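Residue numbers (the UniProt record's numbering): 1 to 42.
Just so it is clear, CB atoms sit at the ideal spot from N, CA and C, and this is done for glycine as well.
Please read these numbers as outputs of a predicted model, since none were measured by experiment.
Working notes, beginning with the structure itself.
See the structure below:
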């Protein structure tokens with residue numbers, strides 16, 4: 001399995017950008033799930 005991120009040398013910008021990616025994926029998942037639930041209710 002290939003590693004997408006190489007964390008041998010951590011810098012503050014790598015930590016911040018990784019956190020931003022995780023937050024963006026979480027928000028996207030939440031928005032899609034919310035829209036799907038509304039379609040089933042309506």
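Backbone CA spacing between residue i and residue j [nearest angstrom]
{"i": "residue 28", "j": "residue 22", "result": "10 Å"}
{"i": "residue 8", "j": "residue 25", "result": "24 Å"}
{"i": "residue 31", "j": "residue 15", "result": "24 Å"}
{"i": "residue 5", "j": "residue 33", "result": "27 Å"}
Assigned secondary structure, residue i (DSSP; H/G/I helix, E/B strand, else coil)
{"i": "residue 11", "result": "coil"}
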